[in-house]
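Single-structure report; data block below.
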């Protein structure tokens, strides 16, 4: 039914309670004043409203577990309804994206050098797995997710080389990988000397790997930059120096590698610098786009044995002369052992915790995991999944997954309405990947799998307490005493219907009122005339006082019979706030009609409990 007489509890609390209720529920309530602009808002959000809320809500045009309505709607209400006064209420209808919880928020783990040592052992270097160690992934998972329970998942990205063997290496004298720095412009690093003119050093990140970058591209005039390590003591012979480089949009040789034994840490112009650039191979490509990270080479440091050195990276460029090459620097290592460069290939897998151990996920009719080779089969050109082994905001999963499901061995004979969750690798931007899970449903009319966005329409109540808008799950039901109000009549009729089913002798011949509780779906009130109750012929031998006492004793039992029918979806709030249904109604005693109020607490889905002592005359 169309329940137009329902409002948020706070929306009309002043109509039916005294100051004690207001003081308890609305801090700062002043009994001396009355709201002058009590808004009763019933509204469905539009795309423009989602845009106004910003962030992910603006982008997606829906709320989700990562962007909950209560984090956005109260502020939006405050900005949209500036004149709303105390006790104003709002019922806001919006879009909410749900996901199949079993596959929601699967963690995405990109293995680091330290992670690989869990399998290889301390002192061994090899940032990859091979044919023998790939099956030992469970060791990493056991350490990373020590508290994981059955039913947990992990999407793991790792590097692989079938034949390469991890090397036993001595702990380096110095090693700098910049992983502890914050992404963005860089002005200083503790212990380092850094300077920049024309542009800034930046900390970049791609695939959870951080690095330092400098370029003259878009520089303000000629660009020059220095990056100098802290002092490094080269103890004894057989020490080496290596570093990784990545070149982008090569236009000129703009990077020098220098070593000094007399740098004071303050003024590079006063130090003596040995140019060792020729000891390394710094790529002179690509002219367009970026190359790949790789080791620039390994330099023997015997000439600096037992000396303290500083290693410098010196950049010069000028956009007016077209000298704008971009360089990324990472993994500066000084030590006895420099690990052999091993070419690896990307791999990823989905693991599931079952029977207290980690196992590779197995595809089924319920859920499918898209493996690396599957992306390749979808196309490897620009704009296709196989180019980066992932989907993204531009390479949309829903354009490819239906065909994938059609060919899946576990789904050869689907029937209409079958659903399947698909777990896949998603590029979220800025070098970051994540595990996504979408649901698909089989349409047997056209014989295709179709993306199911899991967008549901929800309505959530809010109330204004004079200072701010807050989620308010409680409900006020007004039952005005007036004939021919179909909505109010339906409430009273539900009570009488219960009486008819359980105590039919108390129901009048009209079938729309009873004298077990006194409810009337014709007058839309409770009839508490003793003579009317006696006239039904069911209270012989009882005095007027006894009948009156029985009326008031039974009255709190009446309302749940209507509430459980008309509000079967009522449920306790997920945030622990009590959900109270407050009802305003009229009682006719033969001389006049008096408005009363009564309250019920929601104790389960469609279950209501009388709030002790809440039956009171309504405030005038």
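In the numbering used here, the protein residues as written are 58 to 677. Ideal Cβ placement from N, Cα and C applies to all residues, glycine included.
Considering Cα atoms alone, identify which of 230, 244 and 121 is closest to residue 290. Working through the chain shown from its first residue, we reach residue 290 at position 233. For the options 230, 244 and 121, the alpha carbon positioned closest to that of residue 290 is the one of 230.
DSSP-derived helix/strand/coil call for residue 245: Looking up residue 245 in the chain shown gives position 188. Three-state DSSP puts residue 245 in coil, outside helix and strand.
Would you call residue 571 buried or exposed, if buried means 16 or more other Cβ atoms sit within 10 Å of its Cβ? Start at 1 with the first residue of the chain shown, and residue 571 comes out as number 514. Under this definition residue 571 is a buried residue.
Residue 580 to residue 563 span [Cα, whole Å]: Position 523 of the chain shown, counted from the first residue, corresponds to residue 580. Position 506 of the chain shown, counted from the first residue, corresponds to residue 563. Residue 580 and residue 563 have their C-alpha atoms spaced approximately 17 Å apart.
Residue 582 to residue 594, Cα distance in whole Å? Within the chain shown, the letter at position 525 stands for residue 582. Within the chain shown, the letter at position 537 stands for residue 594. Inter-residue distance for residue 582 and residue 594 is about 21 Å (C-alpha atoms, whole angstroms).
Flag this pair as yes or no: are the beta carbons of residue 354 and residue 337 separated by less than 8 Å? The residue labelled residue 354 in the question sits at position 297 within the chain shown. The residue labelled residue 337 in the question sits at position 280 within the chain shown. Yes, Cβ-Cβ distance for residue 354 and residue 337 is below 8 Å.
For residue 410, count neighbouring Cβ atoms within 10 angstroms of its own Cβ and tell me buried if that reaches 16, exposed if not. Counting from one through the chain shown, the residue named residue 410 turns up at place 353. So residue 410 ends up on the buried side.
What number of angstroms, rounded off, separates the C-alpha of residue 70 from the C-alpha of residue 560? For the purposes of this step, residue 70 is identified with residue 13 of the chain shown, where counting begins at 1. For the purposes of this step, residue 560 is identified with residue 503 of the chain shown, where counting begins at 1. Residue placement at residue 70 cannot be trusted, given a pLDDT of 33 that sits under 50; what the coordinates show is reported in the next sentence. It is roughly 35 Å from the alpha-carbon of residue 70 to the alpha-carbon of residue 560.
What did DSSP end up calling residue 106 once you bin it into helix, strand or coil? The sequence position of residue 106 within the chain shown is 49, counting from 1. Three-state DSSP puts residue 106 in a helix.
Kindly indicate which three-state DSSP category residue 613 falls into: helix, strand or coil? Along the chain shown, one-based indexing puts residue 613 at 556. In the displayed model, residue 613 falls within a helix according to three-state DSSP.
Does residue 374 come out as helix, strand or coil in the three-state DSSP assignment? One-based indexing of the chain shown puts residue 374 at position 317. In the three-state reduction of the DSSP assignment, residue 374 falls in the strand class.
Using the C-alpha atoms, what's the distance from residue 465 back to residue 435? By 1-based counting over the chain shown, the position of residue 435 is 378. By 1-based counting over the chain shown, the position of residue 465 is 408. Rounded to whole angstroms, residue 435 to residue 465 spans 14 Å at the Cα level.
Tell me, please, which residues DSSP counts as bridged to residue 367. On the chain shown, residue 367 is found 310 positions in, with the first residue counted as 1. Answer by DSSP bridge pairing, in chain order: 317.
Reduced DSSP category for residue 485 - H, G, I as helix; E, B as strand; rest coil: By 1-based counting over the chain shown, the position of residue 485 is 428. Residue 485 falls in the strand class under three-state DSSP.
With DSSP as the reference, identify every bridge partner of residue 495, one or two as the case may be. Within the chain shown, the letter at position 438 stands for residue 495. Paired residue(s): 479.
Counting along the chain, where does the beta strand (DSSP E) carrying residue 460 start and finish? Stepping through the chain shown from its first residue, residue 460 is reached at position 403. Careful: residue 460 lies outside any beta strand (DSSP E), inside the alpha helix (DSSP H) at 458–464.
Comparing alpha-carbon positions, which option in 649, 664, 623 and 530 lies nearest residue 146? Mapped onto the chain shown, residue 146 falls at position 89. If we check each option's Cα against that of residue 146, 530 comes out closest.
Could you compute how far the alpha carbon of residue 331 sits from the alpha carbon of residue 391? Here residue 331 is taken as the residue at index 274 of the chain shown, counted from 1. Here residue 391 is taken as the residue at index 334 of the chain shown, counted from 1. When rounded, the distance between both Cα atoms is 17 Å.
Which runs of the beta strand (DSSP E), 3 residues or longer, sit entirely within the region 123–169? Entirely contained in the region 123–169, the beta strand (DSSP E) runs reaching 3 residues are, in chain order, 146–154 and 165–167.
As assigned by DSSP and simplified to three states, the class of residue 592: Against the chain shown, residue 592 aligns to sequence position 535. Taken through DSSP and simplified to helix, strand or coil, residue 592 comes out as helix.
So, using beta-carbon positions, are residue 467 and residue 535 closer together than 8 Å? Taking the chain shown and counting its residues from 1, one reaches residue 467 at position 410. Taking the chain shown and counting its residues from 1, one reaches residue 535 at position 478. Taking 8 Å as the Cβ cut-off, residue 467 and residue 535 do not qualify as a contacting pair.
Please name the residue or residues paired with residue 120 in a DSSP beta bridge. Start at 1 with the first residue of the chain shown, and residue 120 comes out as number 63. Answer by DSSP bridge pairing, in chain order: 153.
For the alpha helix (DSSP H) holding residue 561, just list the boundary residues, first then last. Within the chain shown, the letter at position 504 stands for residue 561. Note, residue 561: premise wrong, no alpha helix (DSSP H); not H, not E.
Considering only residues of the same chain and omitting the five flanking positions on each side of residue 259, which have a CB-CB separation below 7 Å? In the chain shown, counting from the first residue as 1, residue 259 sits at position 202. Hits under 7 Å: 241, 242, 243 and 270.
Considering only DSSP beta bridges, list what residue 356 is partnered with. On the chain shown, position 299 is the one that residue 356 refers to. Partner(s): 298.
Spell out the partners DSSP gives residue 303 in its beta bridges. Counted from its first residue, the chain shown places residue 303 at position 246. The partner list for residue 303 (beta bridge, DSSP) reads 385.
Please report the straight-line C-alpha distance between residue 246 and residue 236, rounded to a whole angstrom. What you label residue 246 is simply residue 189 of the chain shown in a count that begins at 1. What you label residue 236 is simply residue 179 of the chain shown in a count that begins at 1. Going by the C-alpha atoms only, they are around 12 Å apart.
Could you spell out the range, first to last residue, of the alpha helix (DSSP H) harbouring residue 433? Taking the first residue of the chain shown as position 1, residue 433 is located at position 376. 429–434 is the span of the alpha helix (DSSP H), which, as asked, contains residue 433.
When you compare the CB positions of residue 447 and residue 461, do they come within less than 8 Å of one another, or not? What you label residue 447 is simply residue 390 of the chain shown in a count that begins at 1. What you label residue 461 is simply residue 404 of the chain shown in a count that begins at 1. Between residue 447 and residue 461, the C-beta gap is not smaller than 8 Å, which leaves the two residues out of contact.
Enumerate in chain order the residues of its own chain whose CB-to-CB distance from residue 668 is below 6 Å, with the five nearest sequence positions on each side excluded. The residue given as residue 668 occupies position 611 in the chain shown. For residue 668, where only same-chain residues beyond five positions count, the Cβ hits under 6 Å are 656 and 658.
Grab me the residues of residue 104's own chain with a C-beta within less than 8 Å of its C-beta, minus the 5 sequence neighbours each way, in chain order. As a first step, residue 104 is located in the chain shown; it is residue number 47 there, counting from the start. 118.
Closest to residue 451 by C-alpha separation, out of 430, 474 and 484, would be which residue? Along the chain shown, read from residue 1 onward, the residue named residue 451 stands at position 394. Ranking 430, 474 and 484 by Cα distance to residue 451 puts 484 first.
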